[in-house]
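Please read the structure below before turning to the comments.
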Amino acid sequence: MNQGRKQKRVQRAPEKIEESLSYTVEVRDKEGRVLHRISAPSRSYVEQWNQLINLQATQATKTVKDTDGVDQACEPHSNTLKAYVPIGFTDHGIRVGKGTTAVAIDDYALEIPLAEGVGVDQLNHQGMIFSLPAVAAPSCSFTARRTMINNSGATITGVREIGCYIRGENGSALSFLGFRDVLGSGCDVPDGGAITVEYTIGVTV
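Okay, here's the thing in C-alpha coordinates:
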(Lines of atoms letter the chains of each structure in order from A and count residues from 1; the text may use other names and numbers.)
(Lines give C-alpha, C1' and ligand atoms only; values in the text may rest on other atoms or scores of the structure.)
Protein backbone atom coordinates (compact mmCIF):
# COMPACT_ATOMS: atom_id res chain seq x y z
CA MET A 1 0.00 0.00 0.00
CA ASN A 2 1.35 3.38 -0.95
CA GLN A 3 1.26 5.92 1.76
CA GLY A 4 0.77 9.54 0.76
CA ARG A 5 3.59 11.79 1.74
CA LYS A 6 2.59 14.21 4.40
CA GLN A 7 3.40 17.76 3.48
CA LYS A 8 4.44 20.13 6.17
CA ARG A 9 2.71 23.45 6.02
CA VAL A 10 5.11 26.32 6.42
CA GLN A 11 3.48 29.29 8.04
CA ARG A 12 4.97 32.59 7.05
CA ALA A 13 5.85 34.81 9.96
CA PRO A 14 4.17 38.21 9.84
CA GLU A 15 6.40 41.04 8.78
CA LYS A 16 7.39 43.50 11.43
CA ILE A 17 5.67 46.87 11.47
CA GLU A 18 8.34 49.54 11.34
CA GLU A 19 8.10 52.91 13.04
CA SER A 20 10.46 55.58 11.76
CA LEU A 21 11.73 58.96 12.84
CA SER A 22 14.00 61.12 10.69
CA TYR A 23 15.07 64.74 10.56
CA THR A 24 16.20 67.50 8.23
CA VAL A 25 18.17 70.50 9.47
CA GLU A 26 18.57 73.56 7.23
CA VAL A 27 20.42 76.80 7.91
CA ARG A 28 19.82 79.90 5.78
CA ASP A 29 21.37 83.37 5.80
CA LYS A 30 19.32 86.57 6.01
CA GLU A 31 18.93 86.58 2.21
CA GLY A 32 17.43 83.11 2.33
CA ARG A 33 20.41 81.29 0.82
CA VAL A 34 20.94 77.75 2.08
CA LEU A 35 24.24 77.46 3.97
CA HIS A 36 23.88 74.01 5.50
CA ARG A 37 21.47 71.13 5.03
CA ILE A 38 21.52 67.65 6.49
CA SER A 39 18.97 64.82 6.53
CA ALA A 40 19.39 61.66 8.56
CA PRO A 41 17.47 58.93 10.36
CA SER A 42 16.81 59.47 14.04
CA ARG A 43 16.97 56.75 16.68
CA SER A 44 16.31 59.05 19.55
CA TYR A 45 12.92 58.40 21.14
CA VAL A 46 13.61 58.63 24.87
CA GLU A 47 11.79 56.95 27.74
CA GLN A 48 9.35 59.80 28.41
CA TRP A 49 7.80 59.27 24.96
CA ASN A 50 6.72 55.72 25.77
CA GLN A 51 5.81 56.59 29.36
CA LEU A 52 3.35 59.24 28.17
CA ILE A 53 1.83 56.89 25.59
CA ASN A 54 1.51 54.25 28.31
CA LEU A 55 -0.29 56.51 30.77
CA GLN A 56 -2.71 57.60 28.04
CA ALA A 57 -3.38 54.02 26.98
CA THR A 58 -3.91 52.82 30.55
CA GLN A 59 -5.64 56.03 31.69
CA ALA A 60 -3.58 55.91 34.86
CA THR A 61 -1.34 58.43 36.59
CA LYS A 62 2.35 57.58 36.15
CA THR A 63 5.64 59.11 37.30
CA VAL A 64 7.56 60.80 34.48
CA LYS A 65 10.69 62.95 34.68
CA ASP A 66 10.18 66.50 33.30
CA THR A 67 12.71 68.70 31.49
CA ASP A 68 13.93 70.08 34.83
CA GLY A 69 14.81 66.56 35.99
CA VAL A 70 11.91 66.44 38.46
CA ASP A 71 9.77 63.29 38.76
CA GLN A 72 6.16 64.33 38.17
CA ALA A 73 2.91 62.46 38.82
CA CYS A 74 1.59 62.85 35.29
CA GLU A 75 -2.11 62.34 34.60
CA PRO A 76 -3.96 61.19 31.47
CA HIS A 77 -5.15 64.30 29.63
CA SER A 78 -6.24 65.43 26.17
CA ASN A 79 -3.16 67.68 25.98
CA THR A 80 -0.69 64.83 26.57
CA LEU A 81 1.93 64.57 23.76
CA LYS A 82 1.01 68.04 22.50
CA ALA A 83 3.96 69.64 20.68
CA TYR A 84 2.20 72.62 19.10
CA VAL A 85 3.11 76.06 20.44
CA PRO A 86 2.83 79.52 18.84
CA ILE A 87 5.67 81.94 18.23
CA GLY A 88 7.96 82.69 21.17
CA PHE A 89 7.13 79.64 23.31
CA THR A 90 9.72 76.98 24.19
CA ASP A 91 8.06 74.82 26.86
CA HIS A 92 6.95 72.53 24.04
CA GLY A 93 7.87 72.02 20.41
CA ILE A 94 11.14 71.61 18.54
CA ARG A 95 14.26 73.01 20.22
CA VAL A 96 17.95 73.26 19.31
CA GLY A 97 21.04 73.44 21.50
CA LYS A 98 24.80 73.14 21.81
CA GLY A 99 25.08 69.86 23.69
CA THR A 100 27.38 67.15 22.32
CA THR A 101 26.77 64.22 24.68
CA ALA A 102 25.51 61.12 22.89
CA VAL A 103 21.81 60.36 23.18
CA ALA A 104 20.75 57.99 25.97
CA ILE A 105 17.35 56.46 26.64
CA ASP A 106 17.11 58.28 29.99
CA ASP A 107 17.77 61.76 28.59
CA TYR A 108 15.11 64.14 29.91
CA ALA A 109 16.09 67.46 28.27
CA LEU A 110 18.42 68.98 25.72
CA GLU A 111 21.87 69.28 27.25
CA ILE A 112 22.43 72.97 26.39
CA PRO A 113 19.18 74.33 24.88
CA LEU A 114 19.15 77.76 23.24
CA ALA A 115 16.63 80.07 24.89
CA GLU A 116 14.06 82.41 23.36
CA GLY A 117 15.25 85.99 22.88
CA VAL A 118 17.67 88.32 21.10
CA GLY A 119 20.65 87.97 23.45
CA VAL A 120 23.81 85.93 23.11
CA ASP A 121 23.04 82.38 21.88
CA GLN A 122 19.31 83.08 21.79
CA LEU A 123 16.82 82.52 18.99
CA ASN A 124 13.35 83.75 18.10
CA HIS A 125 11.28 80.58 17.96
CA GLN A 126 8.52 80.59 15.36
CA GLY A 127 5.32 78.60 15.74
CA MET A 128 5.26 74.85 15.20
CA ILE A 129 3.94 73.68 11.83
CA PHE A 130 2.55 70.18 11.20
CA SER A 131 1.63 68.48 7.95
CA LEU A 132 -1.38 66.22 7.57
CA PRO A 133 -0.63 62.48 7.63
CA ALA A 134 0.22 61.34 4.10
CA VAL A 135 -0.20 57.77 2.87
CA ALA A 136 2.21 56.35 0.30
CA ALA A 137 1.58 52.61 0.61
CA PRO A 138 2.84 50.82 2.56
CA SER A 139 3.79 53.86 4.67
CA CYS A 140 2.04 56.72 6.43
CA SER A 141 3.90 59.76 7.78
CA PHE A 142 3.60 63.38 8.85
CA THR A 143 6.07 66.16 9.63
CA ALA A 144 6.66 68.54 12.53
CA ARG A 145 8.61 71.66 11.61
CA ARG A 146 9.96 74.77 13.31
CA THR A 147 12.08 77.72 12.22
CA MET A 148 14.21 79.65 14.72
CA ILE A 149 15.62 83.06 13.72
CA ASN A 150 18.88 84.53 14.97
CA ASN A 151 18.32 88.19 15.89
CA SER A 152 21.11 88.24 18.48
CA GLY A 153 23.44 90.51 16.51
CA ALA A 154 26.14 87.85 16.11
CA THR A 155 26.64 84.40 14.62
CA ILE A 156 25.51 81.54 16.85
CA THR A 157 28.13 78.82 16.48
CA GLY A 158 28.17 75.14 17.27
CA VAL A 159 24.50 74.14 17.18
CA ARG A 160 24.81 70.37 17.61
CA GLU A 161 21.63 69.04 19.21
CA ILE A 162 18.00 69.02 18.20
CA GLY A 163 14.89 67.57 19.77
CA CYS A 164 11.25 68.04 20.62
CA TYR A 165 9.61 68.87 23.94
CA ILE A 166 6.09 67.55 24.49
CA ARG A 167 3.37 68.30 26.98
CA GLY A 168 2.03 66.40 29.96
CA GLU A 169 -0.38 67.34 32.75
CA ASN A 170 -0.73 67.11 36.53
CA GLY A 171 -3.28 69.89 36.97
CA SER A 172 -0.96 72.27 35.14
CA ALA A 173 1.11 72.03 31.96
CA LEU A 174 4.37 70.08 32.21
CA SER A 175 7.25 69.78 29.75
CA PHE A 176 8.88 66.49 28.75
CA LEU A 177 11.50 65.42 26.22
CA GLY A 178 10.07 63.27 23.44
CA PHE A 179 13.17 62.78 21.32
CA ARG A 180 16.69 64.17 20.95
CA ASP A 181 19.46 63.94 18.35
CA VAL A 182 23.10 65.01 18.27
CA LEU A 183 24.41 66.09 14.86
CA GLY A 184 27.70 64.83 13.50
CA SER A 185 29.04 68.37 13.14
CA GLY A 186 28.00 71.78 14.37
CA CYS A 187 25.87 74.31 12.48
CA ASP A 188 26.61 78.04 12.56
CA VAL A 189 23.57 80.32 12.29
CA PRO A 190 24.51 83.82 11.05
CA ASP A 191 22.93 86.97 12.44
CA GLY A 192 19.66 87.54 10.62
CA GLY A 193 19.67 83.94 9.45
CA ALA A 194 17.60 81.01 10.61
CA ILE A 195 17.75 77.32 11.40
CA THR A 196 14.82 75.07 10.51
CA VAL A 197 14.35 71.59 11.94
CA GLU A 198 11.82 69.17 10.49
CA TYR A 199 11.06 65.77 11.97
CA THR A 200 9.20 63.11 9.97
CA ILE A 201 7.29 60.53 11.99
CA GLY A 202 6.15 57.49 10.07
CA VAL A 203 5.01 53.89 10.15
CA THR A 204 5.42 51.16 7.51
CA VAL A 205 3.51 47.87 7.39
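Residue numbering for the sequence shown follows the UniProt record's numbering, starting at 1 and increasing by one per position. Virtual Cβ for every residue (Gly too), placed ideally from N, Cα, C. Just so you know, these numbers come straight off a predicted model, no measurement behind them.
Item: Measure the Cβ-Cβ separation of Asp181 and Gly163 and say whether it is below 9 Å.; Value: yes
Item: For Gln72 and Ser185, I'd like the C-alpha separation in whole angstroms.; Value: 34 Å
Item: Go through its chain and collect everything with a Cβ distance to Gly127's Cβ below 6 Å, but skip five positions before and after it.; Value: Pro86 and Ile87
Item: DSSP three-state call for Asn124: helix, strand or coil?; Value: strand
Item: Please state the DSSP three-state secondary structure of Glu47.; Value: helix
Item: If you draw a straight line from the alpha carbon of Pro190 to that of Gln48, how long is it in whole angstroms?; Value: 33 Å
Item: Closest to Tyr199 by CA distance: which of Gly97, Asn170 and Ala144 is it?; Value: Ala144
Item: Would you kindly check if the distance between the Cβ of Gly178 and the Cβ of Glu19 is under 9 Å?; Value: no
Item: Quick one: is the Cβ of Pro138 within less than 8 Å of any heavy atom of the ligand FAD?; Value: This structure lacks the ligand FAD, and indeed carries no ligand of any kind.
Item: Relative to the C-alpha of Val25, which candidate in Gly153, Ala136, Leu183 and Gly69 has its C-alpha closest?; Value: Leu183
Item: For Leu183, which three-state DSSP category applies?; Value: strand
Item: Can you name, in chain order, every residue of its own chain whose Cβ lies under 8 Å from the Cβ of Arg167, other than the five neighbours on each side?; Value: Asn79, Thr80, Leu81, Lys82, Ala83, Asp91, His92, Ala173, Leu174, Ser175 and Phe176
Item: Taking a contact to mean a Cβ-Cβ separation below 9 Å, would you say Ile105 touches Val46 in this structure?; Value: yes
Item: Taking the C-alpha atoms as reference points, what is the distance between Asp29 and Thr61?; Value: 46 Å
Item: With a cut-off of 8 Å on the beta carbons, I'd call Asp121 and Leu114 a contact; round off their distance for me.; Value: 6 Å
Item: Using 9 Å as the threshold, is the C-beta distance between residue 208 and Ile195 below it?; Value: Lying outside 1 to 205, the shown extent of the chain, residue 208 is not represented and no answer is given.
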